[in-house]
Amino acid sequence: MDIASLIPIIIALFFLAISYTTIKQGHVGVMTVFGRYRGVLSPGFNWVAPWVSVDKISIQNHTAELSFQAITLDQANVYFGCTLICSIRDSHEETIQKAHYSFASHRDLLTSISRLLEDETRTYVATKRQAEMIGISQDVVHQIKQNLAAKIENWGYAIHDLRYNNITFDDVVKNSMARVVAAVNERDAAVNEGEALLIRKIKEAEANGAFIKINAEAEKLAWKLKGQGLSDFREEVAKGIHHAVEELQSAGVDPNYMLFFMYTETLKHIAEHAKAGQTIFVNHDPNAPHGIMEAMSAFYKVQSPSARVNVSNG
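Numbering (the numbering used here) for the sequence shown: -9 to 304.
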């Protein structure tokens, strides 16, 4: 085979070698012919004409770490640190075309998104006071994220996550906030301590009142039982005397001897339980026992008619 016949084969192989391109997973290829858009290539092995230019762009997530400063309504400096995650919105050809031609480079894209995020955050912070910026709620983050997403949607991109992970203030502001928090905590502690003391005093008063009530009821019951016992004792004594009188009468003995016996037992009891130095004067007149029995008989007749006894005049 001569060289002339090999030239077409070599040319064909050369065109085949330069007419294919490989697109990595997570990327797409944008075809242009002499600078004009012609379509999108999917990931994998693709055949293209030699005069077709292919630009590869990533459809994976892009992360940007941002740090910036904002000023509140009361002129306090707030320093933010946040993380932004974004990517091409979808794999549709129109979306890919927007994402490819909106910016000259990926760096320009992240710069534009970062500036938009800073502007949205500063606009929000400018309407709030320093005390309100101690913590940004998720509702506020969602609002800023929505405003930012609506603007970059025209570029073919979407925001997947936005987190404010570091919010700091000037040292003077932080010291002031620390004093305010300490004062609030001290006030809350004093309020809680006062409420606890009040509750303790109320409980002590309730317990003391309950104790006094129970003690009074117990004392009342004790006096009632004591009176009932004394009444029962006297009733039993009266029954005993009455029974003794009946026994003496049935035995033919003068019942007045029982009164005299009670008199002598009383003297005996007094002598046994009296204190040292005390003196009992007893009438030793021969007629004294008779007079004593008459006096006692008359006393019982007046005090307890039911317990009367017959008194002999002999």
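Think of the CB as a built atom: it goes at the ideal place given N, C-alpha and C, for glycine as much as any other residue.
Find the nearest neighbour of residue i within the set the options, judged by alpha-carbon distance.
i, options, result
"H232", "K216, G219 and L249", "L249"
"D161", "H263, Y69 and E55", "Y69"
"T158", "S104, A148 and N67", "N67"
"L138", "N155, K118, T113 and T117", "T113"
"R97", "G25, T53 and N144", "T53"
"E55", "T11, K216 and N155", "N155"
"W37", "R26, T12 and A60", "T12"
"L100", "Q136, G230, W145 and V227", "W145"
"I149", "K164, N165, R26 and V131", "V131"
"A285", "E262, Y247 and K258", "Y247"
"F271", "G281, N182, E262 and L257", "L257"
"R153", "N182, G71, K203 and G219", "G71"
"V235", "E226, K229, P245 and A200", "P245"
"K164", "K193, M123 and L187", "M123"
Opposite residue i in the DSSP bridges: which residues?
i, result
"F35", "T12"
"M21", "G29 and V44"
"F93", "Answer by DSSP bridge pairing: none, since F93 is not bridged."
"G71", "S57 and N156"
"H315", "Any question about residue 315 goes unanswered here, given that the chain covers just -9 to 304."
"A148", "S77"
Start and end of the beta strand (DSSP E) containing residue i?
i, result
"H82", "It is not in any beta strand (DSSP E) - H82 carries neither H nor E in the DSSP assignment."
With a Cβ-Cβ cutoff of 9 Å, do residue i and residue j count as a contact?
i, j, result
"V30", "V42", "no"
"D151", "H90", "no"
"S104", "F93", "no"
"V174", "A121", "no"
"R79", "T73", "no"
"Y147", "S48", "no"
"G324", "Q50", "Because the chain is modelled from -9 through 304, residue 324 falls outside the range shown and cannot be assessed."
"A60", "V115", "yes"
"I142", "L106", "yes"
"F58", "E110", "no"
"P33", "V20", "no"
"K118", "L63", "yes"
"Y10", "Q87", "no"
Would you kindly report the start and end of the unbroken alpha helix (DSSP H) that includes residue i?
i, result
"T117", "Run containing T117: none; DSSP gives neither H nor E here."
Using 9 Å as the limit for Cβ to Cβ distance, is residue i near chain C?
i, result
"A94", "Structure shown: chain C not included; a single protein chain is present."
Comparing the CB of residue i with every heavy atom of the ligand GTP, is any distance shorter than 8 Å?
i, result
"K216", "The model depicted lacks the ligand GTP and carries no ligand whatsoever."
Go through the region 242 to 276 residue by residue and report every complete run of the alpha helix (DSSP H) that reaches 4 residues or more, in order.
246 to 263
Which runs of the alpha helix (DSSP H) at least 4 residues long sit entirely within the region 179 to 235? Give them in chain order.
none
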